[in-house]
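Trainee: Residue numbers (the working numbering): 30 to 269.
Note that CB positions come from ideal geometry on N, CA and C, so glycine has one too.
Quick one: the structure is below, questions incoming.
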């Protein structure tokens, strides 16, 4: 199964989103459709909202305050993604959820979501989704341990473009307007380093900008770059 960019995607997440959307549109699962502008707060830290959300359109950024006042971007959620499901017990919501672009999302009561999971097919899709999230987080942890910040940025861009990008004649277009500071919060480095790395990527032909969006002419090449030994890649860049 492939995602919007024509590259492998998480089948469980896609299937879960489709199953939930079908239940909502047929009236079998109650949900409220919410429309929010870019940069709107979808859910704030300290919220006691007991809902599970399914994104219909747009992208939502999930971040959490870290030590020293810094913010760590935990995830980017796009169409078909579900969030809020892992916190079904009463208590305060810890993360900030902000619309990166105009968003449409369905809000489902946590109790209704739990009841819907009694369906075997939906339950299987949900378990596949949880397994996919675990695999993705393990990869992120592995990248933090084994890759330098330049290659972590390449790996992050490759994963994000695979999930949220759209394939076109010139390559995969990622029209998710993240600032260099936000990319730094995802990768775990500074804004100035992100700016320098993106400039290097452009010079190598790995990425270019089109109307503010990032375009990757060859996503496979970017993925290969992300897994290249940093010392060898540094020597290649110097030689070129």
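(1) Given a threshold of 16 other Cβ atoms within 10 Å of its Cβ, counted over all protein chains shown, does residue 53 qualify as buried or as exposed?
(2) With a 10 Å radius around its C-beta and 16 neighbouring C-beta atoms as the bar for buried, classify residue 121 as buried or exposed.
(3) Assuming residue 213 and residue 246 make a contact with CB atoms under 8 Å, what is their CB distance in whole Å?
(4) Since residue 126 is in the beta strand (DSSP E), which residue starts that stretch and which ends it?
(5) Using only alpha-carbon positions, find the residue among 254, 64, 154, 91 that is nearest to residue 127.
(6) Can you check which of these residues, 67, 69, 154, is closest to residue 110 by C-alpha distance?
(7) Residue range of the beta strand (DSSP E) that residue 60 falls in?
(8) Report the three-state DSSP secondary structure of residue 203 (helix, strand or coil).
(9) State the Cα-Cα distance for the pair residue 125 and residue 96, rounded to the nearest angstrom.
(10) Which residue's Cα is closest to the Cα of residue 115: 130, 160, 186?
(11) Is residue 151 near residue 144, with beta carbons less than 8 Å apart?
(12) Is residue 45 helix, strand or coil when you go by DSSP?
(13) Please report how far the alpha carbon of residue 103 lies from the alpha carbon of residue 55, in whole angstroms.
(14) In three-state DSSP terms, what is residue 80?
(15) Considering only the beta carbon of each residue, do residue 81 and residue 142 sit closer than 8 Å?
(16) Grab me the residues of residue 182's own chain with a C-beta within less than 6 Å of its C-beta, minus the 5 sequence neighbours each way, in chain order.
(17) Just curious, the alpha helix (DSSP H) that residue 94 is in, first and last residue?
(18) Can the beta-carbon of residue 72 be found closer than 8 Å to that of residue 78?
(19) Per the DSSP calculation, residue 242 is bridged to which residue(s)?
(20) Determine the burial state of residue 223: buried for a count of at least 16 other Cβ atoms within 10 Å of its Cβ, exposed for fewer.
(21) For residue 84 and residue 43, I'd like the C-alpha separation in whole angstroms.
(22) Are the CB atoms of residue 220 and residue 235 nearer to each other than 8 Å?
(23) In terms of residues, what are the limits of the beta strand (DSSP E) holding residue 138?
(24) Is it buried or exposed for residue 35, if we count other Cβ within 10 angstroms and need 16 for buried?
(25) Tell me, please, which residues DSSP counts as bridged to residue 112.
Mentor: With the structure as the only source:
(1) Numbered from 1 along the chain shown, position 24 holds the residue referred to as residue 53. Residue 53 comes out buried.
(2) Along the chain shown, one-based indexing puts residue 121 at 92. Exposed.
(3) Position 184 of the chain shown, counted from the start, is the residue given in the question as residue 213. Position 217 of the chain shown, counted from the start, is the residue given in the question as residue 246. About 24 Å; that fails the 8 Å criterion.
(4) In the chain shown, the residue the question calls residue 126 occupies position 97. Its beta strand (DSSP E) spans residues 125 to 128.
(5) The count along the chain shown starts at 1 and reaches residue 127 at position 98. Among 254, 64, 154, 91, the Cα nearest to that of residue 127 belongs to 91.
(6) On the chain shown, residue 110 is found 81 positions in, with the first residue counted as 1. Cα-wise, what sits closest to residue 110 is 154.
(7) In the chain shown, the residue the question calls residue 60 occupies position 31. Element bounds for residue 60: n/a, residue is neither H nor E.
(8) Here residue 203 refers to the residue found at position 174 when the chain shown is read from its first residue. DSSP places residue 203 in strand when its eight states are reduced to three.
(9) Translated into the one-based positions of the chain shown, residue 125 becomes position 96. Translated into the one-based positions of the chain shown, residue 96 becomes position 67. For residue 125 and residue 96, the distance between alpha carbons rounds to 15 Å.
(10) Translated into the one-based positions of the chain shown, residue 115 becomes position 86. For the residues 130, 160, 186, the minimum Cα distance to residue 115 belongs to 160.
(11) If you number the chain shown from 1, residue 151 lands on position 122. If you number the chain shown from 1, residue 144 lands on position 115. Against a cut-off of 8 Å, the Cβ pair of residue 144 and residue 151 comes out as no contact.
(12) For the purposes of this step, residue 45 is identified with residue 16 of the chain shown, where counting begins at 1. DSSP places residue 45 in helix when its eight states are reduced to three.
(13) Taking the first residue of the chain shown as 1, we reach residue 103 at position 74. Taking the first residue of the chain shown as 1, we reach residue 55 at position 26. The straight-line gap from Cα to Cα measures roughly 33 Å.
(14) As a working mapping, residue 80 is identified with position 51 in the chain shown. In this structure, residue 80 counts as strand in the three-state DSSP scheme.
(15) For the purposes of this step, residue 81 is taken as residue 52 along the chain shown, with counting starting at 1. For the purposes of this step, residue 142 is taken as residue 113 along the chain shown, with counting starting at 1. By the CB criterion at 8 Å, residue 81 and residue 142 fall inside the cutoff.
(16) Taking the chain shown and counting its residues from 1, the one referred to as residue 182 is at position 153. For residue 182, where only same-chain residues beyond five positions count, the Cβ hits under 6 Å are 216, 226.
(17) Position 65 of the chain shown, counting from 1, holds the residue named residue 94. No alpha helix (DSSP H) contains residue 94, which is instead part of the beta strand (DSSP E) from 89 to 94.
(18) Position 43 of the chain shown, counted from the start, is the residue given in the question as residue 72. Position 49 of the chain shown, counted from the start, is the residue given in the question as residue 78. A contact, by the Cβ cut-off of 8 Å.
(19) By 1-based counting over the chain shown, the position of residue 242 is 213. In DSSP, residue 242 forms a bridge with 239.
(20) Here residue 223 is taken as the residue at index 194 of the chain shown, counted from 1. So residue 223 ends up on the buried side.
(21) As a first step, residue 84 must be located in the chain shown, where it is residue number 55. As a first step, residue 43 must be located in the chain shown, where it is residue number 14. Rounded to whole angstroms, residue 84 to residue 43 spans 11 Å at the Cα level.
(22) Translated into the one-based positions of the chain shown, residue 220 becomes position 191. Translated into the one-based positions of the chain shown, residue 235 becomes position 206. For residue 220 and residue 235, no; Cβs fall outside 8 Å.
(23) Mapped onto the chain shown, residue 138 falls at position 109. Note, residue 138: beta strand (DSSP E), 132 to 138.
(24) Against the chain shown, residue 35 aligns to sequence position 6. Annotation note: pLDDT 40 at residue 35 (below 50); position unreliable, coordinate value reported separately. The residue is exposed, with fewer than 16 neighbouring Cβ atoms inside 10 Å.
(25) One-based indexing of the chain shown puts residue 112 at position 83. Residue 112 is bridged to 82.
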